[in-house]
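Residue numbers (our numbering), protein chains in the order written: chain L, 285 to 540; chain A, 14 to 103.
Think of the CB as a built atom: it goes at the ideal place given N, C-alpha and C, for glycine as much as any other residue.
See below for the structure under consideration.
Printed below as a string of structure tokens:
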């Protein structure tokens with residue numbers, strides 16, 4: 285291995301360590317001086333929590349951009365302007381939910397159920413009105429409560445972002461879509477905004493520990509379609525909506 | 014609206030939305046047909062369409078404890094009674 289390569293790997297290791305250290309300690313500081321006071325004193329603690337999560341993740345990406353100058357972020361203006369919508373995205377990297385939280389001030393999403401078993405983190409997620417992914421966690425009346433909260437959140441201008449593939453793509457191809465997210469949109473009578481995320485997997489590749497600090501990477505977040513299904517119509521078909529959304533993503537991916 | 018009409022419509026919904034033909038009336042839907050909470054939400058939306066009116070949060074919560082087709086029919090019968098409206102014709 286050349287000395288240049290060794291230097292690049294060592295540098296990537298320390299940058300990665302620094303970024304995740306910020307993620308951990310920055311979150312702890314925001315928790316102590318933001319979330320706890322918001323929980324105790326805010327009239328709408330979910331809204332305050334979502335805003336704090338947004339600020340935290342914005343800082344995370346500001347630091348990432350600073351430490352990895354080769355990483356550029358091109359977020360379309362139309363994406364930033366999205367409100368009161370179910371935002372349907374493709375999923376490439378662990379960075380995707382963090383990136384979307386940094387874009388939307390009022391946001392909630394579906395989070396892996398295992399995170400709801402982690403003390404402290406579970407408290408943060410529940411108070412931010414995030415939903416667990418496994419349907420076994422959603423059984424019973426809590427499900428209706430969760431959905432009603434999302435409906436109110438959307439009506440108040442917030443966004444609910446979801447990854448219908450459920451997991452990160454390893455090859456850039458779309459995995460099958462889970463129709464559950466479209467059922468939630470139907471329940472909330474909300475429009476669907478289709479948002480395409482490009483190249484987050486090049487910055488933080490699934491299955492690796494290190495950020496890619498070497499290459500020039502342009503991460504793009506683009507609004508590729510809007511669907512406003514007639515949910516109450518007799519002809520409404522959930523499968524047709526899911527298929528239409530999927531086709532729009534496939535067409536966009538084919539353009540790469 | 015008669016009990017028979019309700020049963021017919023519920024069976025139609027199961028066939029159309031969940032691809033379950035002639036479901037048994039008293040089996041546990043979760044065990045027999047892997048019916049999950051997202052399916053339950055879809056069912057609620059179809060029931061709203063059938064009754065032609067929205068359900069309240071409390072009414073929806075009551076539905077989450079239902080396990081069998083017979084219980085669904087009881088539930089819809091009760092809702093129709095409360096509303097005293099004819100269901101939307103299909």
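Within the 7 angstroms Cβ cut-off, does residue 380 of chain L reach chain A? Not one beta carbon of chain A lies nearer than 7 angstroms to the beta carbon of residue 380 of chain L.
Output, in chain order, the set of chain L residues within a Cβ distance shorter than 7 angstroms of residue 73 of chain A. Counting only Cβ-Cβ distances below 7 angstroms, residue 73 of chain A has contacts in chain L at 428, in chain order.
Do residue 477 of chain L and residue 510 of chain L come within 7 angstroms of each other at the CB atom, strictly closer than that value? In this structure, residue 477 of chain L lies closer than 7 angstroms to residue 510 of chain L by Cβ.
Is the beta carbon of residue 533 of chain L less than 7 angstroms from the beta carbon of residue 377 of chain L? No. Outside cutoff.
Within a Cβ cutoff of 7 angstroms, which residues of the same chain sit near residue 27 of chain A, ignoring the five residues on either side of it in sequence? Same-chain partners within the cutoff: 33, 36.
What residues from the segment 44-57 of chain A come within 9 angstroms of chain L, judged by C-beta to C-beta, listed N to C? Listed by position, the residues of the segment 44-57 of chain A near chain L (Cβ gap below 9 angstroms) are 49, 50, 51, 52, 53, 54, 55, 57.
Residue 14 of chain A touches chain L at which residues, Cβ-Cβ below 7 angstroms? For residue 14 of chain A, no chain L residue has a Cβ inside 7 angstroms of its Cβ, as the nearest lies near 18 angstroms away.
Give me the chain L residues within the contact set of residue 91 of chain A, using Cβ-Cβ distance strictly less than 8 angstroms, ordered along the chain. Per Cβ cutoff of 8 angstroms: no residues; residue 91 of chain A is ~17 angstroms from chain L at best.
Burial state of residue 349 of chain L (16 or more Cβ within 10 Å): It is exposed - the Cβ of residue 349 of chain L has fewer than 16 other Cβ atoms within 10 Å.
Go through its chain and collect everything with a Cβ distance to residue 493 of chain L's Cβ below 8 angstroms, but skip five positions before and after it. Hits under 8 angstroms: 300.
For residue 528 of chain L, decide whether its Cβ has a neighbour in chain A, counting only Cβ atoms nearer than 7 angstroms. So, not an interface residue.
Give me the DSSP bridge partner(s) of residue 363 of chain L. Looking at the DSSP output, residue 363 of chain L shares a beta bridge with no other residue.
Please confirm whether residue 373 of chain L and residue 479 of chain L have their CB atoms less than 7 angstroms apart. A contact, by the Cβ cut-off of 7 angstroms.
Pop quiz: residue 362 of chain L and residue 507 of chain L are said to be a contact at Cβ under 8 angstroms. What is the actual Cβ separation, rounded to whole angstroms? Contact flag correct, Cβ pair sits at about 4 angstroms.
Just by C-beta distance, which residues in the segment 455-479 of chain L are closer than 7 angstroms to chain A? Residues of the segment 455-479 of chain L whose Cβ lies closer than 7 angstroms to any Cβ of chain A, in chain order: 464, 467, 470, 471.
Minimum C-alpha distance to residue 448 of chain L - residue among L:370, L:325, L:537, L:304: Of L:370, L:325, L:537, L:304, the residue nearest in Cα terms is L:370.
Who are the near neighbours of residue 470 of chain L in its chain, counting only those whose CB is closer than 7 angstroms to its CB and skipping five residues on each side? 515, 522.
Using the C-alpha atoms, what's the distance from residue 323 of chain L back to residue 442 of chain L? Distance between residue 442 of chain L and residue 323 of chain L, taken at the CA atoms: about 19 angstroms.
Of all the options L:468, L:504, L:435, which has the alpha carbon lying nearest to the alpha carbon of residue 482 of chain L? Ranking the options by Cα distance to residue 482 of chain L, first place goes to L:504.
Helix, strand or coil at residue 413 of chain L according to DSSP, with G and I counted as helix: Per DSSP, reduced to three states, the secondary structure at residue 413 of chain L is coil, with no helix or strand assignment.
Among A:17, A:29, A:41, which residue has its Cα nearest to the Cα of residue 80 of chain A? For residue 80 of chain A, the nearest C-alpha among the options comes from A:41.
Taking the alpha helix (DSSP H) that residue 95 of chain A falls in, what are its first and last residues? Segment 82-96, the alpha helix (DSSP H) holding residue 95 of chain A.
Residue environment, residue 52 of chain A, which counts as buried when at least 16 other CB atoms sit within 10 Å: Its Cβ being crowded by 16 or more others within 10 Å, residue 52 of chain A is buried.
Could you have a look at residue 310 of chain L and say whether DSSP puts it in helix, strand or coil? In the structure shown, residue 310 of chain L sits in a helix (DSSP, three-state: H, G or I).
Identity of the residue in L:410, L:412, L:393 nearest residue 450 of chain L by Cα: Measuring C-alpha to C-alpha distances from residue 450 of chain L to each of L:410, L:412, L:393 identifies L:393 as the nearest.
Does the beta carbon of residue 367 of chain L come closer than 7 angstroms to any beta carbon on chain A? Cβ-Cβ to chain A under 7 angstroms: no for residue 367 of chain L.
Could you pull out every unbroken alpha helix (DSSP H) segment of at least 4 residues lying fully inside the segment 374-401 of chain L, listed in chain order? Segments of the alpha helix (DSSP H) lying fully in the segment 374-401 of chain L: 379-387.
Helix, strand or coil: how does DSSP classify residue 33 of chain A here? In the structure shown, residue 33 of chain A sits in coil (DSSP, three-state: anything other than H, G, I, E or B).
Contact criterion: CB-CB distance below 7 angstroms. Does residue 38 of chain A meet it with respect to chain L? Chain L, which has no Cβ nearer than 7 angstroms to the Cβ of residue 38 of chain A, makes this no.
Is the shortest distance between the beta-carbon of residue 80 of chain A and the beta-carbons of chain L less than 7 angstroms? No - not a single Cβ of chain L is within 7 angstroms of the one on residue 80 of chain A.
Buried or exposed: residue 286 of chain L, going by 16 or more other Cβ atoms within 10 Å of its Cβ? Burial call: exposed.
Who are the neighbours of residue 70 of chain A on chain L, taking C-beta pairs under 7 angstroms? Here the neighbours are 428, 432.
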